[in-house]
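Chemist: Before I ask anything, here is the structure I am working with.
Protein chains: 2
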Amino acid sequence: MELSTSNVRDDIPDRTIAHEEIYKQLRYSILTGGFEPGKVLTIRGLAEQLGCSAMPIREAVRKLVALGALEMQSTRRISVAPMTKERFYEIWAARALLEPEIASRAAIHSNAALVRKLKKIDAQLEKAIAKNDPEKYSLKNWEFHFTIYQASNSPIMLRLVESLWLQFGPFMRVVTGRLGTSLQVDHHQMAMDALKRKDPDALRESIRLDIQDGMERIRMDFET
Amino acid sequence: MELSTSNVRDDIPDRTIAHEEIYKQLRYSILTGGFEPGKVLTIRGLAEQLGCSAMPIREAVRKLVALGALEMQSTRRISVAPMTKERFYEIWAARALLEPEIASRAAIHSNAALVRKLKKIDAQLEKAIAKNDPEKYSLKNWEFHFTIYQASNSPIMLRLVESLWLQFGPFMRVVTGRLGTSLQVDHHQMAMDALKRKDPDALRESIRLDIQDGMERIRMDFET
DNA sequence: TTACTGAAAATGTGATCACATTCTTATTCT
DNA sequence: AGAATAAGAATGTGATCACATTTTCAGTAA
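These protein sequence lines are chains Y and V, in that order.
Numbers given in the numbering used here equal positions in the first sequence, counted from 1, plus 7.
Numbers given in the numbering used here equal positions in the second sequence, counted from 1, plus 7.
Below, the structure is given as structure tokens:
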């Protein structure tokens, strides 16, 4: 007897896949500073911590290693990539090349709903700053940027940028945890204005400035 | 009894890991056109074909999916990403942003051994053209570019560029299989001259031209 | 011929186990 | 005390199995 097409909801195309959920959880931890740079992770440890077997962890970790978020040493030890001066400047350069471009592509597809969504995220971001909540700040900052980038309809560049954020995420958190966060909000306002006007060049410039200020701030703390 | 440190060679730090070897094999197939765009792959099929169990295949496939070389559809079907107009132009744009930059970084670290290695690869490439061997041509073209990029000492950008090549690789092969290959060699010569002089700007320009001509050629065949 | 159906085959996923290697730590020797 | 060492614990890897879902395809009906 086959009732699935008649009685059961058929409009649930995506069943939840464990290793994808695990990936999102690990990504969240990485981007919000749950793992400090250099931290050693184990498959069994994560499996117990996240309440599943080793398999979904293995798959998620493999993906994160492929994207450069995690490192696999020659002794097969998994760790969060530690930051070095060279890595930092290279990530900065790559961000400066890709993110203004992908942002400018978002301007064309901009609409009122997008601006409204960004406005909401930015409000939560300012609240996180006021409450001095670095974890939430990191999350909302990520949401703000990637909501824009997602709107660009440029999935290939989006993947590259996600890789970059996953690589500097753990380190940024260490810094924003110490320093207060203040000025980047102006660039967010500039970005939202540019999206309202659907102005690619203005959006490109606002993201350029946001990256420059953000990385400059990290560098000040990093180089000393 | 422990003889390993005395009698056994200790200078073999990297034991071969199956899933890494599988990854390299699959990457080779993708870059040289072993898999045509849209081709459906199965884990069990690859396992039998490559003579191992499903596990190493799963890990290698996971990595290739993370890098965008393979696609995982909502029905959990694995396939080589088919090319679309949008994807093609996005890859082109990303290549144009990243590869001239990473190339220019290689110029600084250039040395005679590097130029010699490139000269050898380029000779093999010309031979592949003469013999009309698209598979070898694709391989040598990849080796030429990535030998330069590797010399840049920019592992983060290198990962991004590898992702891009894996994504347009299968499609390029379809094209180079039909059209003859001829003119890109001039840009290779220009690149080697720039490396001899350790001239970042000249190297950047040669790569820019190489990408432009290469993608232009693909487009001509693609847009009609 | 064409569209539909349902059973069988195939597939990705998650779980578990064995094993070689690596890491940890307590003990010994200088 | 401090370095070397060996036993034990822990870890990543590969293999295998069960299961739900998806795909394939022969058989049926219009």
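Just so you know, even glycine gets a beta-carbon here, dropped at the ideal spot from N, CA and C.
(1) Grab me the residues of residue 216 of chain V's own chain with a C-beta within less than 7 Å of its C-beta, minus the 5 sequence neighbours each way, in chain order.
(2) Would you say residue 162 of chain Y faces chain V, with C-beta separation under 9 Å as the test?
(3) Could you give the DSSP three-state label for residue 145 of chain V: helix, strand or coil?
(4) Check whether chain Y comes within 9 Å of residue 170 of chain V, counting only Cβ atoms and requiring the distance to be less than that.
(5) Counting only beta-carbon separations shorter than 9 Å, does residue 25 of chain V have a partner in chain Y?
(6) Give the DSSP bridge partners of residue 78 of chain Y, in chain order.
(7) Expressed to the nearest angstrom, what Euclidean distance is found between the alpha-carbon atoms of residue 67 of chain Y and residue 71 of chain V?
(8) Per DSSP, which residues does residue 48 of chain V bridge with? Please list them.
(9) Is the closest heavy atom of the ligand NAP to the C-beta of residue 197 of chain Y under 8 Å?
(10) Give me the residue from Y:149, Y:151 and Y:206 with the minimum Cα distance to residue 115 of chain Y.
(11) State the DSSP-derived secondary structure class of residue 130 of chain V, mapped to helix, strand or coil.
(12) With a Cβ-Cβ cutoff of 9 Å, do residue 199 of chain V and residue 125 of chain V count as a contact?
(13) Identify, in the order they occur along the chain, each residue of the same chain with its Cβ nearer than 7 Å to the Cβ of residue 168 of chain V, setting aside the five sequence neighbours on each side.
(14) For residue 203 of chain Y versus residue 122 of chain Y, is the C-beta spacing smaller than 9 Å?
(15) Need the endpoints of the alpha helix (DSSP H) that residue 26 of chain V sits in, please.
(16) So is residue 101 of chain V in contact with chain Y if we call contact Cβ pairs under 9 Å?
(17) Leaving out the 5 sequence neighbours to the left and right, which residues in its chain are closer than 7 Å to residue 13 of chain V when beta-carbon positions are compared?
(18) Please go through the same chain and pick out, in chain order, the residues whose beta-carbon is closer than 6 Å to the beta-carbon of residue 39 of chain V, but skip the five residues on each side of it.
(19) If you measure between the beta carbons of residue 98 of chain V and residue 171 of chain V, is that distance less than 9 Å?
(20) Does residue 66 of chain Y come within less than 9 Å of chain V when only Cβ atoms are used?
(21) With residue 111 of chain V as the anchor, note down where its alpha helix (DSSP H) starts and where it stops.
(22) Counting only Cβ pairs nearer than 7 Å, list the residues of chain V close to residue 73 of chain Y.
(23) Using 9 Å as the limit for Cβ to Cβ distance, is residue 221 of chain Y near chain V?
(24) Give the secondary structure of residue 159 of chain Y by DSSP, where H, G and I count as helix, E and B as strand, and everything else as coil.
(25) Just verifying my parser: in three-state terms, what is the DSSP assignment at residue 213 of chain Y?
(26) Interface residues of chain V around residue 104 of chain Y at Cβ under 8 Å?
(27) Return the chain-ordered list of same chain residues with a C-beta closer than 8 Å to the C-beta of residue 85 of chain V, the five sequence neighbours on each side being excluded.
(28) Are residue 150 of chain Y and residue 136 of chain Y close, meaning C-beta to C-beta below 9 Å?
(29) Given that residue 94 of chain Y touches chain V, what residues does it touch there, using C-beta distances under 7 Å?
(30) In chain Y, which residues lie with their C-beta within 8 Å of the C-beta of residue 218 of chain V?
(31) When the distance is taken between beta carbons, is residue 174 of chain Y closer than 9 Å to residue 75 of chain Y?
(32) In angstroms, rounded to a whole number, what distance separates the CA positions of residue 131 of chain Y and residue 176 of chain Y?
(33) Between residue 174 of chain V and chain Y, is there a C-beta pair that is closer than 9 Å?
(34) Measure from the C-beta of residue 97 of chain V to each C-beta in chain Y and report whether the shortest distance is under 9 Å.
Modeler: Based on what the coordinates show:
(1) Residue numbering aside, residue 216 of chain V sits at position 209 when the second sequence is read from its first letter. Within the same chain, residue 216 of chain V has close Cβ partners 194.
(2) Taking the first residue of the first sequence as position 1, residue 162 of chain Y is located at position 155. At least one chain V Cβ lies under 9 Å of residue 162 of chain Y.
(3) Here residue 145 of chain V refers to the residue found at position 138 of the second sequence. It is helical.
(4) Here residue 170 of chain V refers to the residue found at position 163 when the second sequence is read from its first residue. Yes, contact with chain Y.
(5) Mapped onto the second sequence, residue 25 of chain V falls at position 18. For residue 25 of chain V, the answer is no, since every Cβ of chain Y falls outside 9 Å of its Cβ.
(6) Position 71 of the first sequence, counting from 1, holds the residue named residue 78 of chain Y. Y:86, per the DSSP bridge assignment.
(7) By one-based count along the first sequence, residue 67 of chain Y stands at place 60. By one-based count along the second sequence, residue 71 of chain V stands at place 64. Cα to Cα, residue 67 of chain Y sits roughly 13 Å from residue 71 of chain V.
(8) Against the second sequence, residue 48 of chain V aligns to sequence position 41. Note: residue 48 of chain V is bridge-paired with V:85 in the DSSP secondary-structure output.
(9) Looking for the ligand NAP in the displayed structure turns up nothing, as the structure carries no ligands at all.
(10) For the purposes of this step, residue 115 of chain Y is taken as the residue at position 108 of the first sequence. Checked all of Y:149, Y:151 and Y:206; the closest Cα to residue 115 of chain Y is Y:206.
(11) Position 123 of the second sequence holds residue 130 of chain V. In this structure, residue 130 of chain V counts as helix in the three-state DSSP scheme.
(12) Here residue 199 of chain V is taken as the residue at index 192 of the second sequence, counted from 1. Here residue 125 of chain V is taken as the residue at index 118 of the second sequence, counted from 1. Judged by beta-carbon spacing, residue 125 of chain V lies within the 9 Å limit of residue 199 of chain V, meaning their Cβ atoms are closer than that value.
(13) Locating residue 168 of chain V in the second sequence gives position 161, counting from the first residue. Result list for residue 168 of chain V: 105, 106, 109 and 156, in chain order.
(14) Indexing the first sequence from 1 puts residue 203 of chain Y at position 196. Indexing the first sequence from 1 puts residue 122 of chain Y at position 115. Closer than 9 Å, so yes.
(15) Taking the second sequence and counting its residues from 1, the one referred to as residue 26 of chain V is at position 19. Under the DSSP assignment, residue 26 of chain V falls in the alpha helix (DSSP H) whose first and last residues are 25-38.
(16) Along the second sequence, read from residue 1 onward, the residue named residue 101 of chain V stands at position 94. With a threshold of 9 Å between beta carbons, residue 101 of chain V makes contact with chain Y.
(17) Numbered from its first residue, the second sequence carries residue 13 of chain V at position 6. Because residue 13 of chain V sits at a pLDDT of 30, beneath the cut-off of 50, its placement in the model cannot be relied upon, and the following sentence gives the value as read from the coordinates. Excluding residues within five positions, none has a Cβ falling inside 7 Å.
(18) For the purposes of this step, residue 39 of chain V is taken as residue 32 along the second sequence, with counting starting at 1. Residues of the same chain with a CB within less than 6 Å of the CB of residue 39 of chain V, apart from the 5 flanking positions on each side, are 142, 145 and 146 in chain order.
(19) Working through the second sequence from its first residue, we reach residue 98 of chain V at position 91. Working through the second sequence from its first residue, we reach residue 171 of chain V at position 164. In contact: residue 98 of chain V and residue 171 of chain V (Cβ atoms closer than 9 Å).
(20) If you number the first sequence from 1, residue 66 of chain Y lands on position 59. At least one chain V Cβ lies under 9 Å of residue 66 of chain Y.
(21) As a first step, residue 111 of chain V is located in the second sequence; it is residue number 104 there, counting from the start. Going by DSSP, residue 111 of chain V is part of the alpha helix (DSSP H) stretching over 92-115.
(22) Position 66 of the first sequence, counted from the first residue, corresponds to residue 73 of chain Y. Within chain V, the residues placing a beta-carbon under 7 Å from that of residue 73 of chain Y are 70, 73 and 74, ordered along the chain.
(23) As a working note, residue 221 of chain Y is residue 214 in the first sequence. Closer than 9 Å: no.
(24) As a position in the first sequence, residue 159 of chain Y is number 152, starting the count at 1. Under the three-state reduction of DSSP output, residue 159 of chain Y falls in the coil class, being neither helix nor strand.
(25) Working through the first sequence from its first residue, we reach residue 213 of chain Y at position 206. Residue 213 of chain Y falls in the helix class under three-state DSSP.
(26) The residue labelled residue 104 of chain Y in the question sits at position 97 within the first sequence. Simply 104, 105 and 108.
(27) Taking the second sequence and counting its residues from 1, the one referred to as residue 85 of chain V is at position 78. Residues 47, 48, 49, 50, 68, 72, 77, 78 and 79 of the same chain have their beta carbon placed closer than 8 Å to that of residue 85 of chain V, with the five preceding and five following residues left out of the count.
(28) For the purposes of this step, residue 150 of chain Y is taken as residue 143 along the first sequence, with counting starting at 1. For the purposes of this step, residue 136 of chain Y is taken as residue 129 along the first sequence, with counting starting at 1. In this structure, residue 150 of chain Y keeps its C-beta atom at 9 Å or more from the C-beta atom of residue 136 of chain Y.
(29) Stepping through the first sequence from its first residue, residue 94 of chain Y is reached at position 87. Simply 163.
(30) Looking up residue 218 of chain V in the second sequence gives position 211. What residue 218 of chain V touches in chain Y: nothing, since even the nearest Cβ is about 14 Å away.
(31) Numbered from 1 along the first sequence, position 68 holds the residue referred to as residue 75 of chain Y. Numbered from 1 along the first sequence, position 167 holds the residue referred to as residue 174 of chain Y. With respect to the 9 Å criterion, residue 75 of chain Y and residue 174 of chain Y are classified as neighbours on the basis of their beta carbons.
(32) Counted from its first residue, the first sequence places residue 131 of chain Y at position 124. Counted from its first residue, the first sequence places residue 176 of chain Y at position 169. Whole-angstrom Cα-Cα distance: 19 Å.
(33) Sequence index remark: in the second sequence, residue 174 of chain V carries index 167 (1-based). Yes, residue 174 of chain V counts as interfacial toward chain Y.
(34) The residue given as residue 97 of chain V occupies position 90 in the second sequence. For residue 97 of chain V, the nearest CB of chain Y lies under 9 Å from its own CB, placing it at the interface with that chain.
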